[in-house]
Amino acid sequence: MASASIPVYNCSNNPLENSSSQNASRESLKMEPLAVTLLPGEERVIDKDIMYICPFSGPVKGKVFITNYRLYFKSADADPSVTLNVPLGAIGRVEKMGGASSRGENSYGLDITCKDMRNLRFALKQEGHSRRDIFDILFRYAFPLSHGLFLFAYLSQEKYEENGWSVYKPMEEFRRQGLPTDKWRITFINDNYELCDTYPTILVVPFKATEEDLRKVSTFRSRGRIPVLSWIHRENQAVICRCSQPLVGMSGKRNKDDERYLDVIREANGTAKLTIYDARPSVNAVANKATGGGYEGDDTYQNAELVFLDIHNIHVMRESLKKLKDIVYPNVEESHWLSSLESTHWLEHIKLVLSGAIQVADKISGGNSVVVHCSDGWDRTAQLTSLAMLMLDSHYRTLRGFQVLLEKEWISFGHKFASRIGHGDKNHADQDRSPIFVQFIDCVWQMTKQFPTAFEFNERLLMTILDHLFSCRFGTFLYNCESARHTNEVRSKTVSLWSLVNSDSTSYLNPFYTPESSRVLYPVASMRHLELWVTYYIRWNPRIRQQQQSPVEQRYMELLALRDEYLKKLEELQLTDSSPNSSHLSNSSAPNAASPTQHITHLHTPF
Amino acid sequence: MIIHCKDLRVFQFSLSFSKEEDAKKIFQGIVHHCLEPKSLRCLFAFSYCENTSYPEVQRKKQTVMFDSVEDWIQDMKRTKGNCRVVSENSNFELSPKLPQFFIVPSNVSDEDLTKYQGKGLPMWCWSHHSGCALFKTASIPLVQEDNVPQTYMEKMLTAVAHNHLYSVKTEDLSDTLPAVQDILLSYNKFKQFFLIDNTTEFWMSDMKWFSSLDNCGWLDIIRQCLQKAVEVVECLEKENTNVLIMEEGGSDLCCVVSSLVQLMLDPYYRTLLGFQSLVQKEWVAGGHAFLDRSNHLHLKDKAESQSPVFLLFLECVWQLQQQHGPAFQFSETYLTVLSDSVHVPVFTTFLFNNDSHRDNILRAESPHTQRSPLNCPTVWDWSVQFDCKAQDLFTNPLYSEKPKQDTSVRKSYRPKHLRQLSLPSSAFKTPPKKGFFKDEADNLKKILGVKRLSRWMLSPSSESPQTSSSVREFYEAWQTKPLDYHGLLLPCLDGPSIRVWMQRYLRWIHDVQILGGGPVAMLSKVSEILGEVQELQRQLDRHGCTLTSNHKGARPRAKTASVIAARSSVRLSSSFPFVTSRNWLFKPAIPTSLLQSLMVTGMAGNLADREDDGGGPESLV
């Protein structure tokens with residue numbers, strides 16, 4: 020574990036490294052003594068002697084290998100031994116550093132900004148344009164979509180025992196929730212993505228609303244994202260509905276169909292008042308009127324109350340994470356760490372998202388239906404509904420259930436992964452980029468921290484998800500919505516991340532998991548309990564001890580093993596006891612026999 | 187009436203239904219007993235002891251009290267120290283300011299002992315297996331033009347240096363760590379964040395939590411103490427230099443740093459009994475002025491000497507324990523309870539300023555003849571405060587004894603010469619340097635004198651950034667090695683690693699209790715399994731079989747587990763065991779100030795029973 024840059028992730032159970040079990044023969048990078056195994060479909064493009072300017076151990080000479088999937092660096096010397104293993108998808112920006120005439124050591128080279136909270140700098144020899152070829156290749160392969168190339172997910176030949184694409188079947192999931200009911204029906208109106216091109220094909224809507232009503236409502240909701248059911252409480256039939264903002268505009272337009280539609284939602288379980296959670300700060304909601312959007316006014320929506328949740332927009336979140344990166348990479352801010360942390364506002368945003376979700380969950384447990392929206396209903400809305408569902412429904416806290424939750428609330432309902440992450444796109448300054456999904460996973464992590472026994476999956480799963488959010492190795496997080504995925508044949512041409520996870524599910528399980536099915540989980544959304552996810556955001560820093568297993572987990576596993584061992588021994592003993600004649604014999608021949616002597620030797624050893 | 191307790195509980199009583207007279211009486215009664223100045227004689231401990239007969243046998247169960255010369259000799263033997271045990275002060279003939287028994291470098295002469303009332307006298311704390319040792323001393327204020335104390339100091343330094351390889355580093359903690367008054371100021375600010383009596387106030391303060399925390403500086407003081415301890419550890423462990431830490435008085439930050447150093451280096455002190463012995467050695471026998479520092483007597487003129495130095499130490503221990511859980515036999519709950527017990531004026535442990543003070547008072551207060559001093563319990567008699575079940579919560583289920591415990595202790599203390607041979611040669615260990623010190627002592631003394639005020643006397647570069655980067659390297663070198671919970675432990679001092687002692691500070695605040703969650707949810711599962719394993723082991727033992735495996739979870743106590751297991755049917759909250767969630771409002775805390783008016787009702791549930799039964803009354807702030 021002496022390597023400076025990748026404390027954990029160069030080990031065998033590296034989530035980025037976990038390859039399929041099917042393919043035995045594969046090309047390896049010619050590396051001595053440690054060779055990295057290439058993924059099926061991965062091909063070497065270039066390799067080059069280079070100097071890695073490691074922010075922790077200084078300049079390191081070595082060799083860089085670039086494939087169509089990753090950048091791999093291995094130091095030439097064993098001390099310090101440094102390896103880098105970066106999927107090209109994680110690269111956000113590649114720049115030349117210094118010019119042919121730059122002075123100073125190591126001033127000529129490449130500067131790479133990654134999406135996973137690190138920057139890499141490489142230095143090359145100044146003479147002979149030595150960086151030109153590597154820069155060009157890196158630029159092409161890191162941003163394939165900008166160069167008419169395929170994302171690696173389409174080139175990968177990985178095979179898994181399990182097909183991850185079958186994890187989520189909308190009909191099955193709705194049936195699990197007890198749908199349809201006499202108040203809620205399943206509609207195929209969006210079968211060809213005509214009602215709403217960013218929604219999935221299968222939707223659950225109030226029984227009373229006709230297809231015609233849905234069409235009318237869709238004209239009054241931003242991008243046609245009408246209120247549809249996300250989750251229903253089995254006992255009290257309260258529902259979480261999600262949608263986009265109403266198109267009220269400056270003139271304060273009204274839409275009778277929309278008003279009636281929301282009232283039908285309220286009626287469905289006899290709630291007196293429907294609560295509409297607008298995730299935005301009220302100021303922003305008002306400002307949206309200028310661009311044709313807005314919010315549900317009290318006077319127009321009679322039986323509804325509107326609550327603003329004060330969660331900021333994608334731009335604020337992007338800047339916040341950028342600030343966070345500034346204080347943790349490469350070095351953790353030393354003076355006034357806490358004030359610096361506060362000034363990034365990252366945890367404050369986490370707090371607001373969590374407390375919004377708590378309010379939603381609380382309303383639902385109280386038997387009141389809620390409608391959640393932000394502007395377009397694919398960022399903050401997804402955060403709130405999925406977190407509330409995680410609190411309310413223990414199924415989503417299992418390994419499989421969590422996958423369903425992501426597939427449903429995020430992937431099928433059109434969180435714009437492609438725009439937010441910018442897969443294969445060179446335009447690093449795109450204003451659409453934002454770490455909304457990272458923030459959501461952070462919220463989930465905060466919950467797992469507060470309730471260490473309530474989740475079937477472990478931190479490793481969350482890390483793996485975030486790694487492959489960027490990596491482009493799997494099709495799971497590609498494209499903005501279901502219709503785009505359909506057009507690009509994601510399901511038939513790429514592998515799902517869940518194939519990887521479910522083929523090796525034991526390594527993503529939390530040993531402390533104690534199922535409690537009927538329990539609503541309310542995390543405490545106070546800064547006193549929220550903490551920075553150090554093992555994710557600061558994981559590149561070698562000073563942060565990366566433990567494969569937490570000591571608590573380790574101890575627990577040890578004890579479990581010990582218990583089994585003792586139980587077995589006890590069984591054996593009871594067997595021998597029951598046959599008194601043989602006891603002598605078995606004592607001398609059984610493995611136990613060695614123990615007394617061994618014990619004695621311990622006592623007498625002078626060391 | 188609002189009462190703020192030292193353990194950070196806040197009580198609100200309505201007096202509107204009481205008669206005015208009664209209300210006054212209650213109020214005055216509390217003020218009289220809690221806040222007004224009084225004499226030591228009036229403390230509850232004395233009425234308590236007179237009315238309770240306490241069996242002497244039980245007292246000294248296993249904690250080494252360091253109140254006899256044997257205890258000191260034994261501890262020095264244990265660490266293979268080679269110094270002079272001084273027992274001439276057993277009746278305080280040398281000086282009342284000196285402990286009854288103590289250890290000094292072997293070539294300190296009799297007359298050196300009494301000079302300057304013990305000031306400047308290097309007191310042995312602990313010996314490293316290499317032979318070098320840690321000493322602490324009260325510094326002698328330097329008077330200009332007066333060469334005598336300086337000459338004496340140099341003599342003492344030489345004595346320390348002679349202990350091992352003629353090397354010594356000194357550190358004046360008064361120069362580099364915050365003063366006791368600053369510690370108090372910072373803690374007073376810090377503690378206000380937790381003395382919250384209503385929800386609105388709580389959530390209002392939540393957004394600025396991190397910066398307020400930062401501004402009060404408490405965590406930074408903790409970090410500085412830990413960092414200082416790591417510096418000392420580096421000298422002992424890496425350079426094998428003797429270290430002399432000093433400060434005015436020699437019994438505040440010296441105690442903090444020396445006990446931290448010992449915790450980091452010596453796994454014995456990370457056991458429950460070892461830790462209690464450490465507190466006895468460094469703090470009680472070491473003469474930490476508990477009475478003045480905690481101001482039990484509420485004397486106005488002592489107000490400025492009040493300072494939570496011992497709490498600061500416990501805070502540092504908590505940080506170590508958080509970072510390296512499995513290395514400690516005692517639990518977080520133990521530390522919390524110990525920090526509370528400082529304010530329970532029943533135990534002799536925390537009542538006095540030093541040995542002679544204790545001796546005087548206990549003799550004077552004794553109802554009997556001079557022969558037997560008053561017999562009071564020490565805080566280590568946990569059964570005075572807690573029943574067995576509660577005491578089981580003191581042990582940490584993550585701790586496992588080192589395999590082959592009996593022999594390992596001996597094993598780690600290798601013969602000195604072997605150790606020396608294996609060391610890389612460095613400047614002060616080479617013979618020429620030795621000779622230099624001996625022959626040209628005057629010359630060196632001059633150098634010593636010049637560098638007197640610098641951080642480390644023999645380190646050529648004494649700038650602080652240098653030191654901190656060297657500490658950093660030391661930490662990093664240690665970190666790359668596999669972690670041994672029974673070996674050297676170093677804390678990570680980076681910003682995110684130094685944290686707030688959640689259990690101690692948040693336990694009474696209803697809004698932040700995580701129902702059914704918190705680390706206890708995980709630990710109780712470990713305890714459960716531990717209990718099963720121990721039960722199985724007992725069954726196996728009954729079968730007369732000794733096990734081949736190396737006794738990992740094998741302490742012959744199963745109570746820990748069973749007690750928590752029994753409770754796991756009840757839903758634990760993050761405040762366990764201080765608050766149980768019997769009459770819990772199953773409502774989430776929603777952190778919006780608008781909603782707060784609905785939630786002020788929570789007070790009653792908030793103050794649910796504490797674990798301690800039969801403890802003395804809490805004194806009030």
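Just so you know, the sequences run in chain order V and L.
One point on numbering: in my numbering, the residue at position 431 of the first sequence is 450, and numbering is uninterrupted.
One point on numbering: in my numbering, the residue at position 41 of the second sequence is 227, and numbering is uninterrupted.
Glycine residues also receive a C-beta, built at the ideal position from the N, C-alpha and C atoms.
Fair warning: this is a prediction, and the values are worked out from it, not measured in the lab.
Can a CB atom of chain V be found closer than 8 Å to the CB of A707 (chain L)? Within the second sequence, residue 707 (chain L) is the residue found at index 521, counting from 1. In terms of beta-carbon proximity, A707 (chain L) lines the interface with chain V, with at least one pair separated by less than 8 Å.
4 or more residues per run - each alpha helix (DSSP H) lying fully within the stretch 475–537 of chain V: Secondary structure within the stretch 475–537 of chain V: the alpha helix (DSSP H) runs of 4 or more consecutive residues, fully enclosed, are 478–490, 501–506, 509–512 and 516–522 (chain order).
Contact list for F809 (chain L) against chain V, beta-carbon separation under 7 Å: Because chain L in this structure spans residues 187 to 807, residue 809 (chain L) falls outside the shown range and cannot be described.
Which residues share a DSSP beta bridge with P106 (chain V)? Indexing the first sequence from 1 puts residue 106 (chain V) at position 87. Paired residue(s): V:R89.
Give the list of continuous beta strand (DSSP E) stretches no shorter than 3 residues that lie fully inside the stretch 447–476 of chain V. Taken in chain order, the complete beta strand (DSSP E) segments of 3 or more residues contained in the stretch 447–476 of chain V number zero; there are none.
D412 (chain V) bridges to which residues according to DSSP? On the first sequence, position 393 is the one that residue 412 (chain V) refers to. For D412 (chain V), which the question treats as bridged, DSSP gives no partner whatsoever.
Along chain V, in chain order, which residues have C-beta atoms closer than 8 Å to that of D400 (chain L)? Here residue 400 (chain L) is taken as the residue at index 214 of the second sequence, counted from 1. Neighbours of D400 (chain L) in chain V, taken as residues at a C-beta separation under 8 Å, are given in chain order as H355, W356, L357, S358 and E361.
Might you give, ordered along the chain, the residues of its own chain that have their beta carbon closer than 6 Å to the beta carbon of V686 (chain L), omitting 5 neighbours on each side? Residue 686 (chain L) sits at position 500 when you count from the first residue of the second sequence. So no residue of the chain qualifies.
I'd like the span of the alpha helix (DSSP H) that includes N401 (chain L), first residue to last. The residue labelled residue 401 (chain L) in the question sits at position 215 within the second sequence. Residues W395 to C402.
From which residue to which residue does the beta strand (DSSP E) around S480 (chain L) run? In the second sequence, the residue the question calls residue 480 (chain L) occupies position 294. That residue, S480 (chain L), is in no beta strand (DSSP E); its alpha helix (DSSP H) goes F476 to S480.
Count the other C-beta atoms from every protein chain shown that fall within 10 angstroms of the C-beta of T294 (chain V), then say buried if there are 16 or more, exposed otherwise. The residue labelled residue 294 (chain V) in the question sits at position 275 within the first sequence. It is buried - the Cβ of T294 (chain V) has at least 16 other Cβ atoms within 10 Å.
Taking 8 Å as the CB-CB limit, is M393 (chain L) close to chain V? Taking the second sequence and counting its residues from 1, one reaches residue 393 (chain L) at position 207. At a cut-off of 8 Å between beta-carbon atoms, M393 (chain L) makes contact with chain V.
How close, in whole Å, do the beta carbons of F92 (chain V) and D66 (chain V) come, if the pair is a contact with beta carbons under 8 Å? Here residue 92 (chain V) refers to the residue found at position 73 of the first sequence. Here residue 66 (chain V) refers to the residue found at position 47 of the first sequence. Not confirmed; about 10 Å, so no contact.
Whole angstroms is fine: what's the gap from I369 (chain L)'s alpha carbon to S225 (chain L)'s? Walking along the second sequence from the start, residue 369 (chain L) turns up at place 183. Walking along the second sequence from the start, residue 225 (chain L) turns up at place 39. Rounded to the nearest angstrom, the gap between the Cα atoms of I369 (chain L) and S225 (chain L) is 26 Å.
Excluding the 5 residues flanking D68 (chain V) on each side, which residues of the same chain have their C-beta closer than 6 Å to its C-beta? Working through the first sequence from its first residue, we reach residue 68 (chain V) at position 49. Closer than 6 Å at Cβ, skipping near neighbours: K82.
Mapping the DSSP letters down to three states, classify V786 (chain L) as helix, strand or coil. Working through the second sequence from its first residue, we reach residue 786 (chain L) at position 600. Reliability fails at V786 (chain L), whose pLDDT of 31 lies under 50, so the model's placement of it is uncertain and no value is given.
Could you tell me whether the Cβ of G673 (chain L) comes closer than 8 Å to any Cβ of chain V? Position 487 of the second sequence holds residue 673 (chain L). Residue contact with chain V for G673 (chain L): absent (no Cβ-Cβ distance below 8 Å to any residue of chain V).
Cross-chain neighbours of H315 (chain L) in chain V, by beta carbon under 9 Å: Counting from one through the second sequence, the residue named residue 315 (chain L) turns up at place 129. None at all; the shortest Cβ gap to chain V is about 14 Å.
Quick check on DSSP: helix, strand or coil for Q198 (chain L)? To locate residue 198 (chain L), count along the second sequence from 1; it is residue 12. Three-state DSSP puts Q198 (chain L) in a strand.
If C441 (chain L) and G472 (chain L) are in contact, beta carbons under 8 Å, what's the gap, nearest whole angstrom? Walking along the second sequence from the start, residue 441 (chain L) turns up at place 255. Walking along the second sequence from the start, residue 472 (chain L) turns up at place 286. Right, the Cβ-Cβ distance comes to about 6 Å (below 8 Å), so this counts as a contact.
Hey, is Q505 (chain L) close to the ligand NAD, as in C-beta under 7 Å from one of its heavy atoms? No copy of the ligand NAD appears in this structure; indeed no ligand is present at all.
Taking M336 (chain V) as part of the alpha helix (DSSP H), name the residues at either end of that continuous run. In the first sequence, residue 336 (chain V) corresponds to position 317, counting from 1. For M336 (chain V), the enclosing alpha helix (DSSP H) stretches over residues I333 to V347.
Short check: CB of H368 (chain V) to CB of V698 (chain L), under 8 Å? Residue mapping note: residue 368 (chain V) aligns to position 349 of the first sequence, counting from 1. Residue mapping note: residue 698 (chain L) aligns to position 512 of the second sequence, counting from 1. Not closer than 8 Å, so no.
Do you know how far the Cα of L371 (chain V) is from the Cα of G704 (chain L)? Numbered from its first residue, the second sequence carries residue 704 (chain L) at position 518. Numbered from its first residue, the first sequence carries residue 371 (chain V) at position 352. Between G704 (chain L) and L371 (chain V), the C-alpha separation is close to 21 Å.
If I measure Cβ to Cβ from Q507 (chain L) and keep anything under 6 Å in the same chain, skipping five residues before and after, which residues do I get? Translated into the one-based positions of the second sequence, residue 507 (chain L) becomes position 321. Short of 6 Å from the beta carbon of Q507 (chain L), and not among the five residues preceding or following it, lie these beta carbons of its own chain, in chain order: F514.
Contact check, C678 (chain L) vs Q509 (chain L) under 8 Å by CB: the rounded distance? Looking up residue 678 (chain L) in the second sequence gives position 492. Looking up residue 509 (chain L) in the second sequence gives position 323. Right, the Cβ-Cβ distance comes to about 6 Å (below 8 Å), so this counts as a contact.
I'd like the span of the beta strand (DSSP E) that includes P225 (chain V), first residue to last. Looking up residue 225 (chain V) in the first sequence gives position 206. Where P225 (chain V) is concerned, the enclosing beta strand (DSSP E) stretches over L222 to P225.
Work out the CA separation of S759 (chain L) and S249 (chain V) for me, nearest whole Å. On the first sequence, position 230 is the one that residue 249 (chain V) refers to. On the second sequence, position 573 is the one that residue 759 (chain L) refers to. In this structure, the straight-line span from the alpha carbon of S249 (chain V) to that of S759 (chain L) is close to 31 Å.
According to DSSP, Y296 (chain V) sits in a beta bridge with which residue or residues? Locating residue 296 (chain V) in the first sequence gives position 277, where the first residue counts as 1. Y296 (chain V) pairs with V:V326 and V:V391.
Tell me the DSSP secondary structure of F321 (chain L) in three-state form. Counting from one through the second sequence, the residue named residue 321 (chain L) turns up at place 135. In the structure shown, F321 (chain L) falls within a strand segment according to DSSP collapsed to helix, strand and coil.
Using a beta-carbon distance cut-off of less than 7 Å, what residues from the stretch 568–592 of chain V approach chain L? Correct list: P570, V571, R574, Y575, E577, L578, L579, L581, R582, E584, Y585, L586, K588, L589 and L592.
Please return the same chain residues whose Cβ sits closer than 7 Å to the Cβ of R89 (chain V), not counting the five positions on each side in sequence. Residue 89 (chain V) sits at position 70 when you count from the first residue of the first sequence. For R89 (chain V), same chain residues with a beta-carbon under 7 Å away, outside a window of 5 residues either side, are N104, V105, P106 and L107 in chain order.
Per DSSP, K82 (chain V) forms a beta bridge with which residues? Taking the first residue of the first sequence as position 1, residue 82 (chain V) is located at position 63. Paired residue(s): V:D68 and V:K93.
How many angstroms separate the CA atom of D478 (chain L) from the CA atom of N539 (chain L)? Reading the second sequence from its first residue, position 292 is the one you call residue 478 (chain L). Reading the second sequence from its first residue, position 353 is the one you call residue 539 (chain L). Distance from the CA of D478 (chain L) to the CA of N539 (chain L), rounded to the nearest whole angstrom, comes to 7 Å.
From the DSSP output, in three-state form, read off M251 (chain L) for me. The residue labelled residue 251 (chain L) in the question sits at position 65 within the second sequence. In this structure, M251 (chain L) counts as coil in the three-state DSSP scheme.
In whole angstroms, give me the CA-to-CA distance for A228 (chain V) and V283 (chain V). Position 209 of the first sequence, counted from the start, is the residue given in the question as residue 228 (chain V). Position 264 of the first sequence, counted from the start, is the residue given in the question as residue 283 (chain V). Here the C-alpha atom of A228 (chain V) lies approximately 8 Å from the C-alpha atom of V283 (chain V).
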